[in-house]
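Protein chains in written order, with this note's numbering: chain A, 1 to 116; chain B, 1 to 109.
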């Protein structure tokens, strides 16, 4: 059963703690992405990775870190430096985009992080 | 990246056809148009994508005029389960997706 999985669905953390969100895909996609969504807002890009062992900052990377050691996995760590981490986090993947190809992004179910 | 403008919200009744228009006056020659649907507490789901004229799939139709400065997502005979947020995105292959606030569609019984 192909797709993108994120775990856990709900996550609670105390202020000052780091937390890691999991994202796994078995679609054999090259590219993976992390987005943040706040209530009533669109998605904002945190980090993305076009290939294993390489990743780029998105629009709101401060306070976050990622790794891409395997093609199918792209975990996101929300560090204590992130001032307002409570949000809905979405992971996505796509075939690496090139002109003339289809690089539609497919999203996971999301993780809702709440900082207590 | 081309900016898009869409209505913040729309209401419709079950069984009606819904048309959501997106303006993208600064669309570039190589940009294409993609629509996503998002239900509460779920990830966005791809609906349809096009470059010009008309595209139709089992879920929706996408109408793009010759000047490509706007596009219209058409949902035939909506049901309550079509209540969601719909996002219009304009981008070139390989560019990052930019999601605005979208259009919140409410389908009423």
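Every residue, glycine too, gets a C-beta built ideally from N, C-alpha and C.
{"Asked": "For the segment 59–90 of chain B, which residues have a CB atom closer than 8 Å to at least one CB atom of chain A, in sequence order?", "Found": "87"}
{"Asked": "Hey, could you find the ends of the beta strand (DSSP E) residue 93/B is sitting in?", "Found": "Segment: none, residue 93/B is in no beta strand (DSSP E) and carries neither H nor E."}
{"Asked": "With H, G and I counted as helix, E and B as strand and the rest as coil, what does DSSP make of residue 30/A?", "Found": "coil"}
{"Asked": "Is there a C-beta anywhere in chain A that falls below 8 Å from the one on residue 101/B?", "Found": "yes"}
{"Asked": "If you drop the 5 nearest sequence neighbours on each side, which residues of the same chain put their C-beta closer than 6 Å to that of residue 66/A?", "Found": "47, 55 and 76"}
{"Asked": "Output needed for residue 76/B: all residues of its chain with C-beta closer than 7 Å, excluding positions within five of it in sequence on either side, in chain order.", "Found": "17"}
{"Asked": "Is the beta carbon of residue 31/B less than 8 Å from the beta carbon of residue 96/B?", "Found": "no"}
{"Asked": "Identify the contact partners of residue 40/A in chain B, using a Cβ-Cβ distance below 8 Å as the criterion.", "Found": "101"}
{"Asked": "Looking only at its own chain, which residues have a Cβ that is under 8 Å from the Cβ of residue 18/A, when we skip the five neighbours before and after it?", "Found": "77, 78, 79 and 80"}
{"Asked": "What residues of chain B sit near residue 109/A, judged by a beta carbon separation below 7 Å?", "Found": "42 and 43"}
{"Asked": "Give me the subset of the segment 41–64 of chain A whose CB atoms are less than 8 Å from a CB atom of chain B, sorted by chain position.", "Found": "41, 42, 43, 44, 45, 48 and 58"}
{"Asked": "Apply the 10 Å Cβ neighbour rule to residue 113/A and answer buried if 16 or more other Cβ atoms are within range, or exposed otherwise.", "Found": "buried"}
{"Asked": "If the cut is a Cβ gap below 8 Å, which residues of chain B does residue 112/A touch?", "Found": "41"}
{"Asked": "Measuring CA to CA, which of 52/A, 12/A and 73/A is closest to residue 88/A?", "Found": "12/A"}
{"Asked": "Return yes when the Cβ of residue 52/B is within less than 8 Å of the Cβ of residue 26/B, no when it is not.", "Found": "no"}
{"Asked": "Between residue 104/A and chain B, is the shortest Cβ-Cβ distance under 8 Å, so that the two count as touching?", "Found": "yes"}
{"Asked": "Looking at the structure shown, is residue 116/A part of a helix, part of a strand, or coil, going by DSSP?", "Found": "coil"}
{"Asked": "Who are the neighbours of residue 57/B on chain A, taking C-beta pairs under 7 Å?", "Found": "Per Cβ cutoff of 7 Å: no residues; residue 57/B is ~12 Å from chain A at best."}
{"Asked": "Give the DSSP-derived three-state secondary structure of residue 54/A in the structure shown.", "Found": "strand"}
{"Asked": "Cβ of residue 108/A within 8 Å of Cβ of residue 41/B?", "Found": "no"}
{"Asked": "Reducing DSSP to helix, strand and coil, say where residue 81/B ends up.", "Found": "helix"}
{"Asked": "Please state whether the Cβ-Cβ distance between residue 21/B and residue 72/B is less than 8 Å.", "Found": "yes"}
{"Asked": "So what's residue 63/B in DSSP terms, helix, strand or just coil?", "Found": "strand"}
{"Asked": "How many angstroms separate the CA atom of residue 62/A from the CA atom of residue 61/B?", "Found": "39 Å"}
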